[in-house]
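Asker: This is the structure, below, for whatever I ask next.
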Amino acid sequence: MATKISPSPTLKRGGWWISELGVMSFTGKVILITGASSGIGAETAKHFAQLGALLSITGLNNAAIVELCSTETPSLEQYNIFNVNIRSVFQLTTLAVPYLIKTKGNIINVSSVTGLRPLKNNLPYCMSKAALDQFTRCVALELHHDRCMSFAGKVVLITGASSGIGAETAIHFAQLGASLSITGRNKHNLEKVAEQCGQPKPFSVTGDLANENDVKNIIDSTIKHYGKIDVLVNNAAITEFGSIETASLEQYDNIFKVNVRSVLQLTTLAVPHLIKTKGNIVNVSSVAGLRPLKNNLSYCMSKAALDQFTRCVALELASRQVRVNSVNPGAVSTNILRNTGLTQEQIKILLEQLKEGHALGRIGDTLEIAKTIAFLASDDASFMTGVTMPVDGGWHATSAQSNLNITRQ
Ligand SMILES: NC(=O)c1ccc[n+]([C@@H]2O[C@H](COP(=O)([O-])OP(=O)(O)OC[C@H]3O[C@@H](n4cnc5c(N)ncnc54)[C@H](OP(=O)(O)O)[C@@H]3O)[C@@H](O)[C@H]2O)c1
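Quick note on UniProt numbering: the sequence shown kicks off at 1 and runs consecutively.
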């Protein structure tokens, strides 16, 4: 049976919550203690309560049991000690880990000196505690990586989250514990992505980035919903094919309106909130910002402008501890080509051609880009700003001709 205990009063001194026992405080922390109905577990529960913790305590009688027995008085029944001392710990920890990853929490296993030193006439208990000690070491190793990157308590706003790289990025951030605000034009697709993100369900806001009022609404409604923004991912963009001989001013206007102008407007509106949270921005650019492509002039120029935007704003916001970086993907199979009006067959041919542009000889995967976006947004990249990071299978380093030799039907 689980019981909740309210925390005992704590004192506030100099902005710190301090328990009456010293500077250690667990105010706002939820602690689950098994075997809290007796002995060490009961005393631990009382002590955490005094330190301000919110407690969930549980016990039948005790969370570990001991029975006296040796190899000469064997009984497989006594081996049942393992059910409580190890099997239940394994099960409870497995169930708790997803929540602990979200809170960057920790686990304390109460073992025994008998896990470290043998004791006569106490065989299954000694073995169970030795197993528990190895469990502690194994799980510590396993959870190290996940613990490093967590967005628990962070609000992440992602544009173009209804498709492709933006959708994958939303799902990835959700797995890392972020509170999401996702936006796109297609309400149905946005809802599908929100479902894939699981619980807590992201806040979804539809809007056309080419419309100034919609852009304003994306920021206003996110702030109304969450009260803050920690990370802005400027991901939405469009592309069209056309060269200096074939591209129209209309094409230029369409592309720059979404890929550059809306980014400037959205970022301007987000910056006051990002300064408050010492947050950061990740812009999704392209290898097309770093290397020229034939027949994709306006898109290439828009991404080059975005890259310089990244560097300029990184400089401008550095003194406010707001980082600004960019990820520059190579080709990735998403809806972006379909939206240019190319047929499935043309897209297939083009993607085959594009493989050759990548030193690794293949196109990228949306998750490869999403993981880099999350890295740049995380504390692991705390000393990085103004970076335009290619995730392009080495395209930026090749001297291959970049010829999008295809025309619309
Ligand atoms: N895929 C690649 O090969 C590749 C390579 C390098 C860089 N990138 C970059 O990666 C980013 C994501 O592209 P993707 O490949 O994932 O493309 P995608 O699958 O076509 O997704 C584009 C997203 O942008 C949104 N969007 C487009 N125009 C919009 C507008 N006017 N208002 C609001 N939202 C708009 C779309 O929303 P709706 O669908 O709801 O309209 C969609 O969610 C882009 O910045 C792109 O330049 C892609």
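Note that CB positions come from ideal geometry on N, CA and C, so glycine has one too.
Which residue wins for smallest C-alpha separation from F203, given the options A161, K276 and L60?
Answerer: Locating residue 203 in the sequence shown gives position 203, counting from the first residue. The shortest Cα separation from F203 among A161, K276 and L60 belongs to A161.
Asker: Please confirm whether any heavy atom of ligand 1 lies closer than 7 angstroms to the CB of residue 446.
Answerer: In this structure the chain extends from 1 to 409, so residue 446 is not present and cannot be described.
Asker: Just checking, does the stretch 302-321 make contact with the stretch 274-292 on the three C-beta pairs under 8 angstroms criterion?
Answerer: yes
Asker: Closer than 7 angstroms to a non-hydrogen atom of ligand 1 - does that hold for the CB of V284?
Answerer: For the purposes of this step, residue 284 is taken as residue 284 along the sequence shown, with counting starting at 1. Within the cutoff, so yes.
Asker: So the beta strand (DSSP E) M389 belongs to, where does it begin and stop?
Answerer: For this step, residue 389 is matched to residue 389 along the sequence shown. M389 -> beta strand (DSSP E) spans T388 to V391.
Asker: Does the beta-carbon of L129 have 16 or more other beta-carbons within 10 angstroms, so that it is buried, or is it exposed?
Answerer: Along the sequence shown, one-based indexing puts residue 129 at 129. Per the sequence shown, residue 129 should be read as Lys rather than Leu. Taking all protein chains in view, the Cβ of K129 is crowded by 16 or more other Cβ atoms within 10 Å, so the residue is classified as buried.
Asker: Within 7 angstroms: the Cβ of S162 and any heavy atom of ligand 1?
Answerer: Taking the first residue of the sequence shown as 1, we reach residue 162 at position 162. Flag set: Cβ of S162 near ligand 1.
Asker: Suppose you measure from the CA of C126 to the CA of V89; what does that come to, to the nearest Å?
Answerer: Position 126 of the sequence shown, counted from the start, is the residue given in the question as residue 126. Position 89 of the sequence shown, counted from the start, is the residue given in the question as residue 89. Distance between the alpha carbons of C126 and V89 is about 16 angstroms.
Asker: Taking contact to mean at least 3 C-beta pairs separated by less than 8 angstroms, is the stretch 92-103 in contact with the stretch 132-146?
Answerer: yes
Asker: At the level of alpha carbons, what is the spacing between T239 and K201?
Answerer: By 1-based counting over the sequence shown, the position of residue 239 is 239. By 1-based counting over the sequence shown, the position of residue 201 is 201. C-alpha separation (whole angstroms): 30 angstroms.
Asker: I'd like to check one pair, L266 with G289: are the Cβ atoms closer than 8 angstroms?
Answerer: Here residue 289 refers to the residue found at position 289 of the sequence shown. Here residue 266 refers to the residue found at position 266 of the sequence shown. Against a cut-off of 8 angstroms, the Cβ pair of L266 and G289 comes out as no contact.
Asker: Considering just the uninterrupted stretch of the beta strand (DSSP E) at F383, what are its terminal residues?
Answerer: By 1-based counting over the sequence shown, the position of residue 383 is 383. Run containing F383: none; DSSP gives neither H nor E here.
Asker: Where does H172 land, buried or exposed, given buried means 16+ other C-beta within 10 angstroms?
Answerer: Your numbering for residue 172 matches position 172 in the sequence shown. Classification of H172: buried, given that the 10 Å Cβ count is 16 or more.
Asker: Which residues mark the beginning and the end of the alpha helix (DSSP H) in which P98 is found?
Answerer: Here residue 98 refers to the residue found at position 98 of the sequence shown. Segment S88 to T103, the alpha helix (DSSP H) holding P98.
Asker: Excluding five sequence neighbours on each side, which residues of the same chain lie with their C-beta closer than 7 angstroms to the C-beta of P390?
Answerer: Your numbering for residue 390 matches position 390 in the sequence shown. Result list for P390: V287, L290, N328 and H396, in chain order.
Asker: Could you give the uninterrupted runs of the alpha helix (DSSP H) lying entirely in the stretch 271-337, keeping only those of 4 residues or more?
Answerer: 297-318
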